[in-house]
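See structure below.
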Amino acid sequence: MRQVSRRSVNPKSAGGNAVSVAKASSAVAPANRQAAPPENTGQPFAKLEVVSLLGDQAYQLIKKDIIQCRLAPGAEISETALTKIYGLGKAPIRAALLRLSQDNLISSVPRRGYFVTPITIRNIQELYELRLDLEPAAAKRATSRCDIRNLMSLCKSLRYSDDGTNKLKFLEAHCEFHVAIARAAGNERITQLIASLLHDMARIIHFGEFAPNRGAEDLDVDHRVQQRQHEAIVESLAAGDPEVVEKVMRDHIEHSLDMVKRAAFASKSLVRI
Ligand SMILES: [Zn+2]
């Protein structure tokens with residue numbers, strides 16, 4: 658078992674995360690992240706509203722950087738460092754960290770501070786086991802109930818790119834594609850479970866799909882396989898054989914798990930528990 662090193666993103670400290678900080682901070686210049694001060698309305702809650710808006714802005718920015726691993730799994734983060742990186746005050750940063758803790762993307766350790774939640778083998782396996790329990794069965798039930806034209810359109814939007822923004826758009830489109838199939842099965846609770854699961858897995862899926870530690874050629878092969886699998890899922894749903902649909906969906910999720918595992922084992926950020 659090898660524990661991930663707790664590296665600080667405090668700009669005053671030296672270490673590997675200096676790169677992460679630079680990348681994160683360069684995503685949007687701090688000057689662009691400062692919301693314009695509101696007009697004085699005389700309302701006593703005006704200041705609270707500004708903090709709330711900036712807190713939401715901080716939450717979205719930090720979350721994007723965590724999902725894309727610009728803030729590395731296991732890295733220590735301090736409020737002071739984050740205020741400098743994102744050009745926002747301590748109150749919105751603190752509000753954002755609270756929400757990110759609720760998303761399980763940040764861990765708060767008493768007397769030590771905040772850490773980006775590590776990616777662990779157990780976490781990967783538990784999330785994928787749940788996907789494998791829910792999604793093939795939901796897809797099987799969705800056979801002959803799906804809007805095939807809509808799925809074909811969603812499938813076309815699942816394009817890969819090296820551009821960071823498009824990677825996040827890919828994650829959204831990918832989630833929408835899988836949730837649309839689940840919804841067609843007609844069980845809203847299962848649909849919500851799958852949507853929530855894919856939301857929780859965004860960082861892990863991004864990690865597997867765009868792992869920087871794997872060669873571009875290797876990733877390109879996997880991306881082509883994934884694209885073909887998405888098309889095969891739509892084709893099987895259109896053909897109407899529930900057993901085939903279930904198998905094709907299971908094969909696709911198992912391939913995704915294999916991608917994530919290969920990326921994880923090649924990464925120094927993985928916690929091997
Ligand atoms: Zn997929």
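Residues 658 to 930 in my numbering are what the sequence shown spells out, letter by letter. Every residue, glycine too, gets a C-beta built ideally from N, C-alpha and C. Predicted, not measured: the structure shown is a model, and the values here were computed from it.
The continuous beta strand (DSSP E) containing SER764 extends over residues 763-766. Burial is judged here by how many other beta carbons sit within 10 angstroms of a residue's own beta carbon; SER765 has fewer than 16 and is exposed.
Counting along the chain, PHE772 sits inside the beta strand (DSSP E) bounded by residues 770-773. Apart from sequence neighbours up to five positions away, the residues of its chain that approach LEU787 with a beta-carbon distance below 7 Å are LEU854, ordered along the chain. SER913 has its CB nearer than 7 Å to a heavy atom of ligand 1. Following the DSSP letters along the chain, one finds ARG919 inside the alpha helix (DSSP H) bounded by residues 899-922. In this structure the segment 722-735 lies against the segment 769-776, because at least three pairs of beta carbons, one per stretch, are closer than 8 Å. With the rule of 3 Cβ pairs closer than 8 Å, the segment 880-893 counts as touching the segment 904-917. A straight line joining the alpha-carbon of TYR771 with that of CYS803 spans about 44 Å. Counting along the chain, no alpha helix (DSSP H) covers GLY843, and no H or E run does either.
DSSP, reduced to helix, strand and coil, places THR800 outside both helices and strands of the structure shown, so it counts as coil. Those residues that bring their Cβ nearer than 6 Å to a heavy atom of ligand 1 are HIS831, HIS835, HIS887, HIS909. TYR716 sits away from ALA748, with the two beta carbons spaced by 8 Å or more. In the assembly as shown, SER810 is an exposed residue. Its beta-carbon has fewer than 16 other beta-carbons within 10 Å. Following the DSSP letters along the chain, one finds SER814 in no alpha helix (DSSP H), marked with neither H nor E. Around the CB of GLU903, 16 or more other CB atoms lie within 10 Å, so the residue is classed as buried.
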